[in-house]
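**Q** So that we are looking at the same thing, I have put the structure below in structure tokens.
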Amino acid sequence: MNFFLESLVTLFLSLYYTLEALVLLVVPVRRKNVSGEIVLVSGAGSGIGRHLALEFARLHATLVLWDISEEGNKETARQAREKGASRVHTYICDCSKQTSVYEVADKVKKEVGDVSILINNAGIVTGKKFMESPDALLEKTMEVNSLAHFWTYKAFLPAMIASNHGHLVSIASTAGLFPVNGLA
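Below, the structure is given as structure tokens:
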């Protein structure tokens, strides 16, 4: 009986979400206006972080770019200004260090204002097998890929809650759900 009920629910939900997808294919969802929003992107110096920053620049958001690489961060800022961003702020932040996250967060709040969209994108991929990875590298990976999210949330979420306005975005890999050989 339980199997029958679960199968029925699965069938119903599959049908519902298929119909919803078809409707959204024809009727576009109204996009949120992010012009003037303060958007913080960690790991903005390259890759996905840079692409996200450039998209928010095109939408005229105020950008706060965090990265451990000063050169990468400056290049992203330059490209963001070319895309139309009028306010771009760059900060060097080692997201593996709790003190760095909190110190830079305080600077951002004082110099720019309260962040309304926080995108946790910074991440480390070792490319090594678990047994070949030094303990220090495993610790750093956990600090950046997991703990840094909690630290940034603690730093910026209270202002979002107080203003009843804000968004938290966490960029993650499907490797967290499906094991991949060589990604310790």
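Using the working numbering, you'd call the opening residue of the sequence shown number 2 and step up by one each time. From the three backbone atoms N, C-alpha and C, an ideal C-beta is built for every residue, glycine too.
What span of residues does the alpha helix (DSSP H) with ILE162 cover, start to end?
**A** Note, ILE162: alpha helix (DSSP H), 149–164.
**Q** Measuring CB to CB, does VAL65 end up less than 7 Å from VAL109?
**A** Closer than 7 Å, so yes.
**Q** With distances taken between CB atoms, is the gap from LYS84 to ARG51 smaller than 7 Å?
**A** Against a cut-off of 7 Å, the Cβ pair of ARG51 and LYS84 comes out as no contact.
**Q** Under 7 Å between the Cβ atoms of ALA62 and GLU38?
**A** Yes.
**Q** Given this structure, state the Cα-to-Cα distance separating GLU1 from LEU20, to the nearest angstrom.
**A** Within the shown structure, residues of the chain are numbered from 2 to 185, placing residue 1 beyond reach of any answer.
**Q** Identify, in the order they occur along the chain, each residue of the same chain with its Cβ nearer than 8 Å to the Cβ of LYS75, setting aside the five sequence neighbours on each side.
**A** Around LYS75: THR91.
**Q** For ALA149, which of VAL35, ALA123, ASN3 has the nearest alpha-carbon?
**A** When each option's Cα is compared against that of ALA149, the closest is ALA123.
**Q** Which partner residues does HIS61 have in the DSSP bridge list?
**A** DSSP, once it has assigned bridges, lists no residue as partnering HIS61.
**Q** Secondary structure at THR100, three-state DSSP: helix, strand or coil?
**A** Three-state DSSP puts THR100 in a helix.
**Q** DSSP on LEU53, reduced to helix/strand/coil?
**A** Residue state, collapsed to three classes: helix.
**Q** In this structure, what does DSSP give as the bridge partners for LEU41?
**A** Looking at the DSSP assignment, LEU41 forms a beta bridge with VAL65, LEU119.
**Q** For the candidate residues LEU14, SER174, LEU178, LEU158, whose alpha-carbon lies nearest to that of GLY167?
**A** Ranking LEU14, SER174, LEU178, LEU158 by Cα distance to GLY167 puts LEU158 first.
**Q** Just to confirm my understanding: we take SER47, look at its own chain, exclude 5 residues before and 5 after, and list those with CB closer than 6 Å. What are they?
**A** Result list for SER47: GLY73, in chain order.
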